Amino acid sequence: MTIDVAVPSITFINGNYNVLYRLNRVPVKAIAFDVWNTLLDIGVIFNQIAYIVSNRFNSDIYKVAKCIAKAYSYAKKLRRYSDIDGLQIVFESQKNLANMINVDMDELLNIIDEAFKTVDINKLLFNDVIETLKILKRLDFKIGIIGNTIFWNSSYTKKILKQLGVLNYIDIALFSDEIRINKPDKKIFLDFSKAIGIEPEYIAYVGDSIVEDVGGALSASMKAIYIDRSRKKKIILGDLGIAIITNLLEVIDAIEEF
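Residues in the sequence shown are numbered from 140 upward in steps of one, following the numbering used here.
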């Protein structure tokens, strides 16, 4: 004897409504941010370093800026493709930069220190940062930072973030030189998850690097938001937990669709 059973069919609205995704979606409870070129403009501090070097040694500021850019590119590759840890990369990148601009290490450290003391810190902060953090805090999200370090240790970065009022909104901040793990290693993302007390799948991470930020976050089972302020249009793939945004305020749109 055959028994007929009525099996309800899954209906797709407009051909793209994924019912299984909607039933199993995991709400975002925390948002973590990269620092440089996400919250702060690294080009501003690089320009200040170039300005100080050119003034001290009567050198061409554009050539100095080019050397800094090359040293930065080299340091990022070294960080990604070697076993160097988050503290060692600071020392190695400093040695390479000193060599590139033809100064000794003590001179370089003095230049970096002067750059942070004399830079206009208000020019460092992107104009969409504080408003975004205020909204996220008002919505009761946990907020954090996961930052890599190159050329200077994180104490400089944290001081700037404090002066600008950014740290007022931050619950947890992890930096690679302090825990000796570089992004994109998933360990730094998992350490953040543990520190903030929220499972990785409930966390969205925002950064400007496909490799270090998006790749690292996804490898740790976090959602990933790539920020590119030169783009004209945001793209949100909610079912994949991935978004591309054009300004930081669009983080809100992304997490609503995750």
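Virtual Cβ for every residue (Gly too), placed ideally from N, Cα, C. Predicted model only: the values in this text are computed from it and were never measured.
Which term fits residue i, buried or exposed, when burial requires 16 or more other beta carbons within 10 angstroms of its beta carbon?
{"i": "MET244", "result": "exposed"}
{"i": "ILE289", "result": "buried"}
{"i": "LEU236", "result": "buried"}
{"i": "LEU300", "result": "buried"}
{"i": "SER212", "result": "exposed"}
{"i": "ARG218", "result": "buried"}
{"i": "LEU275", "result": "buried"}
{"i": "LEU162", "result": "Confidence is the limiting factor: at LEU162 the pLDDT is only 48, short of 50, which leaves the residue's position unreliable, though a coordinate-based value still follows. Classification of LEU162: exposed, given that the 10 Å Cβ count is below 16."}
{"i": "ASP392", "result": "exposed"}
{"i": "LEU278", "result": "exposed"}
{"i": "ILE311", "result": "buried"}
{"i": "GLY225", "result": "buried"}
{"i": "LYS412", "result": "A question about residue 412 goes unanswered here, because the residues of the chain that appear run from 140 up to 397."}
{"i": "ASP222", "result": "exposed"}
Can you find the residues in the same chain that come closer than 7 Å, C-beta to C-beta, to residue i, ignoring five residues on each side of it along the sequence?
{"i": "LYS371", "result": "THR385"}
{"i": "THR271", "result": "LEU387, LEU388, VAL390"}
{"i": "LYS354", "result": "Note that residue 354 corresponds to Gly in the displayed sequence, not to Lys. Result list for GLY354: PRO323, in chain order."}
{"i": "THR177", "result": "VAL345, GLY346, ASP347, ILE366"}
{"i": "TYR190", "result": "ILE200"}
{"i": "ILE349", "result": "TYR365"}
{"i": "GLN302", "result": "ILE260"}
{"i": "ILE318", "result": "GLY225, ILE327, ASP330"}
Enumerate in chain order the residues of its own chain whose CB-to-CB distance from residue i is below 6 Å, with the five nearest sequence positions on each side excluded.
{"i": "VAL229", "result": "THR288, ASN292, ASP316"}
{"i": "GLU351", "result": "LYS322, PRO323"}
{"i": "GLU340", "result": "VAL165, SER360"}
{"i": "LEU306", "result": "LEU300"}
{"i": "ALA214", "result": "SER232, ILE289"}
{"i": "PHE255", "result": "TYR295"}
{"i": "TYR308", "result": "LEU272, LYS276, ILE282"}
{"i": "MET140", "result": "Residue confidence is low: MET140 scores 46 on pLDDT, short of 50, so the model does not pin down where it sits. No coordinate-derived value is stated."}
{"i": "LYS362", "result": "ALA343, GLY380, PHE397"}
{"i": "TRP175", "result": "ILE181"}
Kindly give me the distance between the Cβ atoms of residue i and residue j, rounded to whole angstroms, as I take these residues to be in contact under 8 Å.
{"i": "VAL375", "j": "GLU396", "result": "First, the amino acid is wrong: residue 375 is Ile here, not Val. Indeed they touch by this definition, with Cβ atoms about 5 Å apart."}
{"i": "ALA169", "j": "ILE320", "result": "That pair is no contact at about 19 Å."}
{"i": "ILE188", "j": "ILE251", "result": "7 Å"}
{"i": "ILE394", "j": "VAL167", "result": "4 Å"}
{"i": "ILE260", "j": "VAL203", "result": "Rounded, the Cβ-Cβ distance is 22 Å, inconsistent with contact."}
How far does the alpha helix (DSSP H) with residue i in it extend, from its first residue to its last?
{"i": "ILE309", "result": "It is not in any alpha helix (DSSP H) - ILE309 carries neither H nor E in the DSSP assignment."}
{"i": "TYR295", "result": "293-302"}
{"i": "LEU357", "result": "355-358"}
{"i": "LYS276", "result": "268-277"}
Excluding the 5 residues preceding and the 5 following residue i in the sequence, name in chain order all residues of the same chain whose CB lies nearer than 8 Å to its CB.
{"i": "TYR160", "result": "With a pLDDT of 46 at TYR160, under the threshold of 50, the modelled position of that residue is not reliable, and no figure is offered here."}
{"i": "ILE152", "result": "Bear in mind that the predicted position of ILE152 carries a pLDDT of just 42, short of 50, making it too unreliable to give a figure here."}
{"i": "LEU313", "result": "GLY283, ILE284, ILE285, GLY286, ILE327, ASP330, PHE331, ALA334"}
{"i": "VAL258", "result": "VAL183, ILE184, GLN187"}
{"i": "LYS262", "result": "ASP180, VAL183"}
{"i": "LEU247", "result": "GLN233, LEU236, ALA237, ILE240"}
{"i": "LEU357", "result": "ALA363, GLY380, ILE381"}
{"i": "ALA208", "result": "PHE185"}
{"i": "SER193", "result": "ASP199, ILE200, VAL203"}
For residue i, would you say it is in contact with chain C, using Cβ-to-Cβ distances shorter than 8 Å as the test?
{"i": "ASN176", "result": "Annotation note: the requested chain C is absent from the structure, which comprises a single protein chain."}
What first and last residue would you give for the beta strand (DSSP E) that runs through residue i?
{"i": "LYS281", "result": "281-286"}
Q.
If we require 4 or more residues per run, which alpha helix (DSSP H) segments fall completely within the region 171-240?
A. 181-196, 200-220, 227-239
(Q) List, from N- to C-terminal side, the beta strand (DSSP E) runs of 3 residues or more that fit wholly inside the region 323-393. (A) 342-346, 362-366, 374-376, 381-384
Q | Whole alpha helix (DSSP H) elements within the region 244-268, 4-residue minimum | A | Annotation note: the region 244-268 contains the following uninterrupted alpha helix (DSSP H) runs of length 4 or greater, listed N- to C-terminal: 244-257, 260-263.
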